[in-house]
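Each residue of the sequence shown is one higher than the one before, counting from 13 in the working numbering. All residues carry an ideal CB built from backbone N, CA and C; glycine is no exception. All of these numbers come straight from a predicted model, not from anything done at the bench.
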Amino acid sequence: MATIKLKNAQIIWPQKCAHCMGTPESSIKAECSVVSRPRYYIFFIRYKVLKISISYPICKKHKVLATAAGIISKRSLINIFLFIMFIAYPAIVPITFLYLLLFDKSGMINTPDYNFLIIMTLIVLIGIAVFIFSMLWTPVKISSATDKVIKMKINNNDYLMEFKRLNHAVLIN
Ligand SMILES: [Zn+2]
13 MATIKLKNAQ IIWPQKCAHC MGTPESSIKA ECSVVSRPRY YIFFIRYKVL KISISYPICK
73 KHKVLATAAG IISKRSLINI FLFIMFIAYP AIVPITFLYL LLFDKSGMIN TPDYNFLIIM
133 TLIVLIGIAV FIFSMLWTPV KISSATDKVI KMKINNNDYL MEFKRLNHAV LIN
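So, in structure tokens, the structure goes:
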């Protein structure tokens, strides 16, 4: 996995599946929403939301998985919300339990609700696993963007090489 920076211009995609280099029968979208730095006015603050969306080739075999992984790993407000619901928020339970187990001497830990603890821990672990799996399985990911520069991650190294060759005119450094 490598990050490349390029000018926000016309991109030429290698005519191969971005995951397996096979015949591309379809395409999927990589999307990213970026909220700009706030501008302060006298009575209000203004943010600009920039939505960048690009389509890249993919084979039939990898379309479903790559689409699902792309939706979960893309940078968006919905995913920040899901991250809080499935990782950060339920993680409070096992973290509190561990803390009490290690440092608390008041005896509160004597009757913990083990079922609740196990369920919350499982939600956190499954959340983390789904998140990592999606990060690894997204062939092309936009990590950040402005109206001038796009930063992308491309998983497959051979695909990345070919991509660089085709787009060397708009690559930055
Ligand atoms: Zn493929």
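Query, Result
"Proximity below 8 Å, CB of LYS17 to CB of ILE184", "yes"
"DSSP-derived helix/strand/coil call for MET33", "coil"
"beta-carbon ILE166 near ligand 1 non-hydrogen atom, thresh 7 Å", "no"
"C-beta contact flag for ALA42 and TRP149 at 8 Å", "no"
"Burial state of LYS72, where buried means 16 or more other Cβ atoms lie within 10 Å", "exposed"
"Member of THR79, PHE175, VAL161 and ASN20 whose CA lies at the smallest distance from the CA of PHE145", "THR79"
"Inter-stretch contact at 8 Å, needing at least 3 Cβ pairs: the region 165-183 / the region 16-35", "yes"
"The alpha helix (DSSP H) enclosing MET132, as first and last residue numbers", "126-149"
"Closest by C-alpha distance to PRO36, when choosing among PHE55, PRO69, VAL46 and TRP25", "PRO69"
"Which listed residue (MET132, GLN27 and LYS63) has its alpha carbon closest to that of ILE104", "MET132"
"Secondary structure of ILE154, DSSP reduced to three states", "strand"
"Reference VAL76; option with closest CA among CYS44, PHE128, TYR171 and CYS29", "CYS29"
"Beta-bridge pairing of TYR68 - partner residues as DSSP gives them", "ILE40"
"LYS86, buried or exposed, once every other Cβ within 10 Å from all chains shown has been counted against 16", "buried"
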